[in-house]
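Undergrad: Each residue of the sequence shown is one higher than the last, beginning at 1 in UniProt numbering. Can you keep this structure in mind? I'll have questions shortly.
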Amino acid sequence: MTGTPTLTEAAATRVAAIAQKQAKPAILRLSVEGGGCSGFQYKFDLAQAPDSDDAVSETDGVKLVVDPVSLDLLAGSKVDFVEDLGGAAFKVENPQAAAGCGCGSSFGI
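Shown next, in the form of structure tokens:
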């Protein structure tokens with residue numbers, strides 16, 4: 001599967017607000033780590049700048065960067081920001097995830 005992951009407008013707006021409060025660039029790094037209840041888990045961080053080998057997409061002036069290793073597991077994904085009665089969180093819609101978990105931050109392929 002190909003396709004650099006992207007941010008929804010809601011996620012871009014939230015990243016921009018967080019970055020402004022922390023006086024950092026509006027660059028969200030999404031990566032995948034081993035662990036979690038389904039085998040892999042998503043990790044979010046603000047980045048100072050993209051690395052030279054990162055895949056980069058941009059929505060409303062906010063960049064989403066993904067390292068090459070994580071990109072294999074995240075190709076075609078969309079990062080959204082969801083607010084409901086249970087709280088507010090970034091949510092990854094990953095077409096490659098064959099299994100998920102209730103917390104929404106762990107997946108299996």
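Positions of the beta carbon are idealized from the N, C-alpha and C atoms, including for glycine.
Measure the alpha-carbon distance for serine 70 versus aspartate 51 and round it to whole angstroms.
TA: Translated into positions along the sequence shown, residue 70 becomes position 70. Translated into positions along the sequence shown, residue 51 becomes position 51. Going from the Cα of serine 70 to the Cα of aspartate 51 covers about 13 Å.
Undergrad: For the putative contact between valine 66 and proline 5, defined by C-beta atoms under 8 Å, what is the C-beta separation to the nearest angstrom?
TA: Taking the sequence shown and counting its residues from 1, the one referred to as residue 66 is at position 66. Taking the sequence shown and counting its residues from 1, the one referred to as residue 5 is at position 5. Indeed, because the Cβ distance is near 6 Å, the residues count as touching under 8 Å.
Undergrad: Report yes if the C-beta distance between valine 62 and alanine 12 is below 7 Å; otherwise report no.
TA: Walking along the sequence shown from the start, residue 62 turns up at place 62. Walking along the sequence shown from the start, residue 12 turns up at place 12. Yes. Within cutoff.
Undergrad: Going by beta carbon distance, what residues of the same chain come within less than 8 Å of glutamine 48, once the five residues before and after it are set aside?
TA: The residue you call residue 48 lines up with position 48 of the sequence shown. Cβ neighbours of glutamine 48 beyond the five flanking positions: Lys24, Pro25, Ile27.
Undergrad: Give the C-beta separation of leucine 74 and leucine 46 to the nearest angstrom, bearing in mind that I take them to be a contact with Cβ-Cβ under 8 Å.
TA: Position 74 of the sequence shown, counted from the first residue, corresponds to residue 74. Position 46 of the sequence shown, counted from the first residue, corresponds to residue 46. Between leucine 46 and leucine 74 the Cβ distance is about 18 Å, and since that is not below 8 Å, they are no contact.
Undergrad: Hey, could you find the ends of the alpha helix (DSSP H) leucine 74 is sitting in?
TA: Locating residue 74 in the sequence shown gives position 74, counting from the first residue. Here the alpha helix (DSSP H) through leucine 74 covers 68 to 74.
Undergrad: Can you name, in chain order, every residue of its own chain whose Cβ lies under 6 Å from the Cβ of glutamate 33, other than the five neighbours on each side?
TA: Numbered from its first residue, the sequence shown carries residue 33 at position 33. The answer, listed in chain order, is Gln41, Lys43.
Undergrad: Check this for me: beta carbons of leucine 7 and valine 56, under 7 Å apart or not?
TA: Residue 7 sits at position 7 when you count from the first residue of the sequence shown. Residue 56 sits at position 56 when you count from the first residue of the sequence shown. Against a cut-off of 7 Å, the Cβ pair of valine 56 and leucine 7 comes out as no contact.
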